[in-house]
Amino acid sequence: MRNIDSKLTPKEIKILTYLLSEYKQRHHFPDIEETRRALKLNYDKQLEDKLILQFVKRGFPQVGMTQSQEKVFDYIVEQYSKYDIINTFNEIGKELNISRQDLEEIITKLEKRRVIHRKKDDDDKIVPRISKIGYDHKVILKDGRNLKPIEAACVIDALGLPFTYNQDATILSKDPITKQEIKIEIKDEQIAYKQPKNLIAYLGSQCSTTLFFTSNESLKEWEKQHPDQKGTTINMKQALALARKIFEKRLDIDCVPSCEISIDQDQKNIEWLEIPSIDNKDKCCE
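The opening residue of the sequence shown carries number 1 in full-length UniProt numbering; numbering runs sequentially from there.
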């Protein structure tokens, strides 16, 4: 596997190292002037756009977005994930009270980030370039940061984010069948507390079907309701190890994105497969 920063120059690596550190420590993406002052280097909008793509490749599509870009992106993702709706320009503009001209500009910039695209058979419809998200997973870091749902798109994401940010964290979720509340506390890189105690992690074929279940009975009912879905179960220790493997170095230089796995149904052996970077593949982790 090759790391996703391998084609950057030494100057670009230095700037990206600073940006990653600031984002990891403070959830803050420094603007151009702040970065120039901190590093005393020439840094412009073109280079900023290039380095933002390094965050997108790591699974952080919203880094550096303006407020209006984030508003449009959040709406597109929520409509797609929650309601299976692919919105048109007119629908987005009407709902968010944005003019067609302003929306065209926002959509164009989001396309350049490679986080959305226009539908091939109808370019008036806008589709996010991400898997559908399960919105019942919340991650609260020890420093109080409440991470966005898009960062915790599935249970493995949620378990992995404490490793990404190198902090203890509390994870809140729900059983998709019973709606029973789920709480997990990660301390010193281990599961220090979980309720209920007999939690099951189910690895589906996409983020929206990678879920926590509170019992085997609940899982069986979900499988009965979703006969087309394929997946496997692992225990919480395996789930945490898997999450750590994927997410531990996401905000480090020379990150190697490993987000596609295969699992031996009998032995539960996790085999890691290389995911091509976004330079070669439009979608990752789908």
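Glycine residues also receive a C-beta, built at the ideal position from the N, C-alpha and C atoms.
Check whether residue i and residue j have beta carbons under 7 Å apart
i	j	result
Asn90	Gln79	no
Pro176	Trp222	yes
Lys119	Val127	yes
Leu203	Met236	no
Ile253	Thr17	yes
Leu240	Ile184	no
Ala201	Ile246	no
Gln167	Lys142	yes
Cα-Cα separation, residue i to residue j
i	j	result
Leu219	Arg37	53 Å
residue 287	Gln25	Given that the chain is displayed from residue 1 to residue 286, the structure contains no residue 287 and the question cannot be resolved.
Tyr43	Lys7	18 Å
Ala153	Lys82	12 Å
Leu159	Asn146	14 Å
Ile156	Ile140	15 Å
Ile13	Leu51	9 Å
Gln69	Val63	11 Å
Asn3	Cys255	5 Å
Ser208	Lys40	43 Å
Leu20	Leu251	6 Å
Gln46	Leu53	11 Å
His226	Gln195	25 Å
Asp264	Gln229	Residue placement at Asp264 cannot be trusted, given a pLDDT of 43 that sits under 50; the coordinates are not used to answer.
Tyr23	Glu111	23 Å
Arg244	Glu189	9 Å
Thr164	Glu151	11 Å
Thr232	Lys224	14 Å
Whole-number beta carbon distance between residue j and residue i, since they are thought to touch under 8 Å
i	j	result
Leu72	Ile106	Rather than Leu, the amino acid found at residue 72 in this sequence is Val. Between Ile106 and Val72 the Cβ distance is about 5 Å, and since that is below 8 Å, they are a contact.
Ile182	Pro162	Not a contact, Cβ separation roughly 16 Å.
Tyr75	Glu48	At roughly 24 Å, the Cβ-Cβ gap does not stay under 8 Å, so Tyr75 and Glu48 are not in contact.
Ile15	Val77	Going by Cβ atoms, the distance from Ile15 to Val77 rounds to 28 Å, so no, they are not a contact pair.
Pro30	Val115	The pair is not a contact, with the Cβ atoms about 20 Å apart (cut-off 8 Å).
Candidates the options, of which the one nearest residue i by Cα
i	options	result
Gln180	His137, Asp123, Glu248 and Ser21	His137
Glu104	Ala243, Asp124, Val115 and Phe29	Asp124
Arg113	Lys224, Asp188, His27 and Met65	Met65
Gly144	Leu110, Asp5, His27 and Lys109	His27
Gln67	Glu34, Asp84 and Lys109	Lys109
7 Å Cβ cutoff, residue i in contact with chain D
i	result
Leu51	This model lacks chain D altogether, as it is built from one protein chain only.
beta-carbon residue i near the ligand FAD non-hydrogen atom, thresh 6 Å
i	result
Cys154	Among the components modelled here there is no ligand, and therefore nothing to report on the ligand FAD.
Review point. When the Cβ atoms of the stretch 201-217 are set against those of the stretch 170-185, are three or more pairs found closer than 8 Å?
Key: yes
Point to revise | Three-pair Cβ contact test at 8 Å for the stretch 44-64 versus the stretch 94-104 | key: no
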